[in-house]
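The structure under discussion appears below in the form of C-alpha cells.
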Amino acid sequence: MIRVENLSKSFDGQPVLRDVSLAFVQGKTNLIIGRSGSGKTVLMKCLVGLLEADSGQIWYDDRDFSSLGFRGRRLIRKELGMLFQGAALFDSMNVNDNILFPLNMFTNMSHKEKQQRVDFCLDRVDLQNVHHLYPSDLSGGMKKRVAIARAIAIKPRYLFCDEPNSGLDPPTAILIDKLISEITSELNITTVVNTHDMNSVMEIGDTVAFIHRGALWWTGSRKEILHTGNNELNQFVYATELMRTIKPETRP
Ligand SMILES: Nc1ncnc2c1ncn2[C@@H]1O[C@H](COP(=O)(O)OP(=O)(O)OP(=O)(O)O)[C@@H](O)[C@H]1O
Ligand SMILES: [Mg+2]
818 MIRVENLSKS
828 FDGQPVLRDV
838 SLAFVQGKTN
848 LIIGRSGSGK
858 TVLMKCLVGL
868 LEADSGQIWY
878 DDRDFSSLGF
888 RGRRLIRKEL
898 GMLFQGAALF
908 DSMNVNDNIL
918 FPLNMFTNMS
928 HKEKQQRVDF
938 CLDRVDLQNV
948 HHLYPSDLSG
958 GMKKRVAIAR
968 AIAIKPRYLF
978 CDEPNSGLDP
988 PTAILIDKLI
998 SEITSELNIT
1008 TVVNTHDMNS
1018 VMEIGDTVAF
1028 IHRGALWWTG
1038 SRKEILHTGN
1048 NELNQFVYAT
1058 ELMRTIKPET
1068 RP
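Residue numbers (the working numbering): 818 to 1069.
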C-alpha cells in the first residue's frame, strides 16, 4: 500500500499538484489518468523521490518516505521498480547488461545468481535469445518488455509505470498492459500506472484516480467510470471513447 497525503507542488509559483490525497492498493494495478499536463508525471516523480514535493506526505506501508533522509530513502528505493516514459534503456548496453544494472547496483547476489535472475525476467516477459542485442536493435514493444524485465529484476514491492503504452500499436499496447497487470498480481506488488489510454483503463484498471489540473477529481473502479456524472471526467472518458468507436480507416 502506498498512501499520499495532502501533496502539493509548484514550479515558479505555478501550482502543478494541489493537495492530492489518495491510496494505491497492494496486489492491484492502480491507474492515474488525466489530460496531458494534468500533473501525472510530476506526481509519480514525487512518489519515487525524483522531485521533492513542497508539502504533504508519502507513505510506503508504514514508512513515511517524505521525512526520511538519503539512507532511509535508499532502502525504499531498492524496493521500487520503475518504467518511465520512452522505456529509458541504456543505449550503450546490451539487453543483458541493462537488466544486470539494477542487480549490480542494489544486490549482493553472486554473478551466477544475477545471470539466473536476468534469464528468469526475460523469460517472464516472453523474450528469448535477445541478451546480446542493443536497444537500437529492438522494436518498441520489445523495448518495453526489456524495461519491464529490468524493473522486476530486483523483485520490487512497488512498481511505477509512466505511460507504458506510449508509441505502441493497440494490440501491442494491450499485451504490455496485460503483462504489467499479471506481474502485479503474481508478485503481489503495489503498481501505479500513469496513462491517458481508455483502453488501458477498461483492460487493467483495478483502481482509477482522475487528476484534473493538478487536483484529485475522482477515484473509483473501471466499472464506475462510465457513469459518474462528473463533467470533466466525462469529457476525458468520452473524448477517447469516441476515438475508439470511429473506424480506424476513417480516422484523421
Ligand atoms: N521541471 C519542471 N519545471 C517547470 N514546470 C514543470 C516541470 N515539470 C513539469 N512541469 C509542468 O507541470 C505540469 C504537469 O506536467 P506533467 O508532466 O506532470 O503532466 P502529465 O499529466 O504527465 O502530462 P502527459 O500526459 O502529457 O505526460 C505541466 O504544466 C508541466 O509544464
Ligand atoms: Mg506524463
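Ideal placement from N, C-alpha and C gives every residue a C-beta, glycine not left out. It should be emphasised that the depicted structure is a prediction, and the values quoted were computed from it without experimental measurement.
If you reduce the DSSP assignment to three classes, tell me which class residue i lands in.
i, result
"glutamate 822", "strand"
"histidine 928", "helix"
"glycine 873", "strand"
"asparagine 847", "strand"
"serine 884", "helix"
"asparagine 911", "coil"
"phenylalanine 828", "strand"
"glycine 889", "helix"
"leucine 920", "helix"
"leucine 1050", "helix"
Pull up the DSSP beta-bridge partners for residue i, would you.
i, result
"glycine 1037", "Val1025"
"leucine 1043", "In DSSP, leucine 1043 forms no bridge with anything."
"alanine 1056", "DSSP output for alanine 1056 lists no bridge partner at all."
"asparagine 1011", "Ile849 and Asp979"
"alanine 1032", "His1029"
Compute the beta-carbon to beta-carbon distance between residue i and residue j, rounded to the nearest angstrom, for a pair I have assumed lies under 8 Å.
i, j, result
"methionine 818", "valine 842", "6 Å"
"lysine 929", "aspartate 871", "Between aspartate 871 and lysine 929 the Cβ distance is about 46 Å, and since that is not below 8 Å, they are no contact."
"serine 1017", "aspartate 994", "5 Å"
"isoleucine 850", "phenylalanine 1053", "7 Å"
"valine 942", "leucine 897", "At roughly 18 Å, the Cβ-Cβ gap does not stay under 8 Å, so valine 942 and leucine 897 are not in contact."
"leucine 917", "lysine 931", "6 Å"
"threonine 858", "valine 1010", "With a Cβ gap of about 12 Å, threonine 858 and valine 1010 do not count as contacting."
"valine 821", "glycine 873", "7 Å"
"leucine 848", "glycine 1022", "4 Å"
"serine 853", "isoleucine 1028", "Between isoleucine 1028 and serine 853 the Cβ distance is about 11 Å, and since that is not below 8 Å, they are no contact."
"isoleucine 875", "leucine 864", "6 Å"
"threonine 924", "isoleucine 971", "7 Å"
Grab the span of the beta strand (DSSP E) containing residue i for me, first residue to last.
i, result
"leucine 839", "831-841"
From which residue to which residue does the alpha helix (DSSP H) around residue i run?
i, result
"leucine 897", "That residue, leucine 897, is in no alpha helix (DSSP H); its beta strand (DSSP E) goes 897-900."
"leucine 864", "857-865"
Ligand 3 and residue i: does the residue's C-beta get closer than 7 Å to at least one heavy atom of that ligand?
i, result
"threonine 1012", "Among the ligands modelled here, namely ligand 1 and ligand 2, ligand 3 does not occur."
(message) Ignoring anything shorter than 3 residues, give me the beta strand (DSSP E) runs that lie fully in the stretch 930-1007, in order along the chain.
(response) DSSP runs (the beta strand (DSSP E)) wholly in the stretch 930-1007: 975-979.
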